[in-house]
Ligand code: SAM
């Protein structure tokens, strides 16, 4: 069955309204009609089975038949804070694949060695929406506006576990063994550096704020590969 997104404010009691691009896709592309069944998510963990009740100019009114919470969502909430990259296509890729793999939020970040690029926030949100639908998730990951490295580390207290993948330090322990020691953590922040890596000062500040350095193995991974590898370990391992 086709999968659609509605803004939570468009779920009103036993009825939900599909509008905008989702409406166009429903009616113009898929040619759905009154009486057809659809699966819908509000992007806030709730999934609905609904039947189209009425089609009006620009909106489809649907009657809700069934409601389920947390469908296809990992039990652990993972936020990825990732440096912007010189090639914005790599961040697009990261947002798409991270969403498929179950990330809860993505924070594009500027570190000391980040090479500035022109990442479009609205574009990243669109990519996350499309990947959420494609992968059958019920939660739409939040893509933040650009943050500085300092802002991320200084506001990380809410996370039960803070990880900083880093390939060069002797203090880095293999991700698998670190996760075994933090099996109870339900919210995790993973912070991944730019092409040039983190500076010693950034590593020291992160350590001061309780970030645990982790190794993802002996090979030097590209930023987006490191982020997706760490995400997979955390979502799959807990
Ligand atoms: N030349 C940089 C350096 O020496 O730090 C390489 C940076 S790497 C391309 C980009 C980021 O990916 C790093 O800052 C780190 O967060 C992560 N990373 C890459 N390979 C890793 C590995 N094997 N283990 C842990 N983190 C890794």
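In my numbering, the protein residues as written are 63 to 300.
For every residue, glycine included, the Cβ atom is placed at its ideal position computed from N, Cα and C.
Please read these numbers as outputs of a predicted model, since none were measured by experiment.
Contact set for residue i: own chain, Cβ-Cβ below 7 angstroms, skip 5 residues either direction
i: residue 264; result: 173, 174 and 211
i: residue 283; result: 291
i: residue 189; result: 154, 157 and 158
i: residue 237; result: 276, 277, 278, 292 and 295
i: residue 195; result: 65 and 67
i: residue 234; result: 228, 275, 276 and 277
i: residue 82; result: none
i: residue 148; result: 177, 179 and 257
Residue i vs residue j beta-carbon contact at 8 angstroms
i: residue 146; j: residue 179; result: yes
i: residue 252; j: residue 206; result: no
i: residue 186; j: residue 292; result: no
i: residue 268; j: residue 278; result: no
i: residue 115; j: residue 129; result: no
i: residue 131; j: residue 108; result: yes
i: residue 133; j: residue 165; result: no
i: residue 89; j: residue 125; result: no
i: residue 245; j: residue 203; result: no
i: residue 111; j: residue 150; result: no
Those residues which DSSP pairs with residue i across a bridge
i: residue 224; result: 251
i: residue 210; result: 172
i: residue 201; result: 106
i: residue 78; result: 73 and 124
i: residue 274; result: 225
i: residue 183; result: In DSSP, residue 183 forms no bridge with anything.
i: residue 68; result: According to DSSP, which records beta bridges pairwise, residue 68 is partnered with nothing at all.
i: residue 141; result: 167 and 251
i: residue 131; result: 108
i: residue 117; result: 122
i: residue 235; result: 276
i: residue 99; result: 113
Buried versus exposed, by CB contacts within 10 Å (16 or more), residue i
i: residue 219; result: exposed
i: residue 92; result: exposed
i: residue 281; result: exposed
i: residue 199; result: buried
i: residue 119; result: exposed
i: residue 184; result: exposed
Neighbourhood of residue i by C-beta, 6 angstroms cutoff - its chain only, sequence neighbours within 5 removed
i: residue 272; result: 224
i: residue 79; result: 72, 121 and 123
i: residue 176; result: 145, 146 and 256
i: residue 70; result: 104 and 106
i: residue 258; result: 175
i: residue 254; result: 144, 227, 285, 288 and 289
i: residue 201; result: 107 and 135
Chain C contact for residue i (CB, 8 angstroms cutoff)
i: residue 187; result: The chain labelled as chain C is not found in the depicted structure, where only one protein chain is given.
Other residues of its chain near residue i: CB distance less than 8 angstroms, five sequence neighbours each side excluded
i: residue 138; result: 247, 248, 249, 250, 296, 297 and 300
i: residue 163; result: 290, 293, 294 and 297
i: residue 171; result: 143, 144, 145, 146, 208, 209, 210, 211, 214 and 253
i: residue 113; result: 97, 98, 99, 100, 124, 125 and 127
Residue i Cβ short of 7 angstroms to the ligand NAD heavy atom set
i: residue 174; result: In the structure shown, the ligand NAD is absent; the only ligands present are the ligand SAM.
>> Whether or not the stretch 256 to 263 and the stretch 100 to 109 are in contact is what I'm after, with contact meaning three or more pairs of Cβ atoms, one per stretch, closer than 8 angstroms; do they touch?
In response: With the cut-off at 8 angstroms, the stretch 100 to 109 and the stretch 256 to 263 do not touch.
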